[in-house]
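Colleague: Residue numbers (full-length UniProt numbering): 5 to 208.
Cβ atoms here follow ideal geometry from the backbone N, Cα and C, with glycine treated the same way.
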Ligand code: MD3
Ligand code: FE
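#1: Could you check the C-alpha separation between residue 80 and residue 56 for me, to the nearest Å?
#2: DSSP puts residue 55 in a beta bridge; with which residues?
#3: Helix or strand or just coil, what does DSSP make of residue 198?
#4: So residue 141 and residue 188 are in contact, right, with Cβ under 8 angstroms, and what is the actual spacing, rounded?
#5: Taking 8 angstroms as the line, does the beta carbon of residue 156 fall inside it for any heavy atom of the ligand FE?
#6: Counting only runs of 4+ residues fully inside the segment 73-111, write out the alpha helix (DSSP H) ranges in chain order.
#7: Over the uninterrupted alpha helix (DSSP H) stretch that includes residue 21, give me the two end residues.
#8: Excluding the 5 residues preceding and the 5 following residue 119 in the sequence, name in chain order all residues of the same chain whose CB lies nearer than 7 angstroms to its CB.
#9: At a cut-off of 8 angstroms, would you count residue 56 as near the ligand FE, judging by its Cβ distance to the nearest heavy atom?
#10: Excluding the 5 residues preceding and the 5 following residue 42 in the sequence, name in chain order all residues of the same chain whose CB lies nearer than 7 angstroms to its CB.
#11: Does residue 126 come out as helix, strand or coil in the three-state DSSP assignment?
#12: Measuring straight from C-alpha to C-alpha, what distance separates residue 149 and residue 172?
#13: Under 9 angstroms, do residue 147 and residue 16 count as touching if we go by C-beta distance?
#14: Keeping to the same chain, check which residues put their C-beta closer than 6 angstroms to that of residue 77; ignore five residues upstream and five downstream.
#15: Going by the DSSP bridge assignment, what does residue 174 pair with across the sheet?
#16: Could you please give me the residues that DSSP links to residue 138 through a beta bridge?
#17: Using the beta-carbon of each residue, find all residues closer than 6 angstroms to any heavy atom of the ligand FE and list them in chain order.
#18: Tell me, which residues are paired with residue 184 by DSSP?
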C-alpha cells in the first residue's frame, strides 16, 4: 500500500496544543505581512479553493503563466517573511541530513476547500523530504503512488499531526479530499492550515 512506501512517516500528535497555538501566532504574524492570495491554475485561470502564503527565502506561487518558486509576494512584491525558528527546528529534527528548507508554503482551507490529486514537482531537489504540519480542522488526506492511476489510501490528518514525505514517497500523488468542519477549536473562525517545508534548489 502507499503507506508502506519507504520514506513515508506519519507522526500523529507531534505538536501539543501549546506548540500548535505558538505556531498559529507565528502564522498570524506572517500573513499580516504577506497576505493570503488565491492562486489560479495555469492557462485556464481557474481559482484554487485553497488560499496561500509563504515564508522563507522562496515561496510557491501559481498564476496564468505557471507554477514556480519566487522570492517575492505575487501581490505586494515584498520579500517573504522569515521562516520561524520553530519550523527550522522541526526540519532539523526530521530532515537532519538535508540542506536548510527554503520554502514554507502556508495553505489555508475554509470548510469547503480541497486539493486535487497532484505530485510536487516544482522543486529542483527531490532528494530532500517534504515536511507537512496540520493545524485546525481535521482533513481527509489521500496518498497514492508514482502514477495517477496507482491505488490510493486515505488518512485523517488532525491538528498537530506531522507527515514526512521522503525517499520513494517524495514523488507520490496526493491530495486533500475534504475537511471535517468544527473538529478543532484552534482557529477562532475554523478551517485548516497546512504548512509544507521544502528544499527547492539543489544544494551546491
Ligand atoms: C506527499 N498540501 O501543498 S500536505 C501541497 O494538506 C500539498 O495542504 C496538502 O499537497 C495539504 O503541495 C498535503 C501533505 C503532503 C505534502 C507534500 C507531499 C504530502 C505529500 C509531497 C509528496 C508526497
Ligand atoms: Fe502537494
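Modeller: In brief:
#1: As a working note, residue 80 is residue 76 in the chain shown. As a working note, residue 56 is residue 52 in the chain shown. Answer to the nearest angstrom: the Cα atoms are 14 angstroms apart.
#2: For the purposes of this step, residue 55 is identified with residue 51 of the chain shown, where counting begins at 1. In the DSSP output, where bridge partners are listed per residue, residue 55 has 112.
#3: Numbered from its first residue, the chain shown carries residue 198 at position 194. Three-state DSSP puts residue 198 in a strand.
#4: For the purposes of this step, residue 141 is taken as the residue at position 137 of the chain shown. For the purposes of this step, residue 188 is taken as the residue at position 184 of the chain shown. The Cβ separation is near 5 angstroms, so the contact holds.
#5: Here residue 156 is taken as the residue at index 152 of the chain shown, counted from 1. Checking the Cβ of residue 156 against the ligand FE gives no.
#6: 89-98
#7: For the purposes of this step, residue 21 is taken as residue 17 along the chain shown, with counting starting at 1. Here the alpha helix (DSSP H) through residue 21 covers 21-37.
#8: On the chain shown, position 115 is the one that residue 119 refers to. Same-chain partners within the cutoff: 54, 179, 180.
#9: The residue labelled residue 56 in the question sits at position 52 within the chain shown. Not under cutoff, so the answer is no.
#10: Looking up residue 42 in the chain shown gives position 38. So the list reads 51, 52, 55, once near-sequence residues are dropped.
#11: On the chain shown, position 122 is the one that residue 126 refers to. Coil.
#12: Locating residue 149 in the chain shown gives position 145, where the first residue counts as 1. Locating residue 172 in the chain shown gives position 168, where the first residue counts as 1. Each residue's alpha carbon lies about 9 angstroms from the other.
#13: Position 143 of the chain shown holds residue 147. Position 12 of the chain shown holds residue 16. Going by C-beta atoms, residue 147 is not nearer than 9 angstroms to residue 16.
#14: In the chain shown, the residue the question calls residue 77 occupies position 73. Here the set comprises 38.
#15: Position 170 of the chain shown, counting from 1, holds the residue named residue 174. BP columns for residue 174 are empty, so no partner.
#16: Taking the chain shown and counting its residues from 1, the one referred to as residue 138 is at position 134. 198, per the DSSP bridge assignment.
#17: 122, 124, 178
#18: One-based indexing of the chain shown puts residue 184 at position 180. 142.
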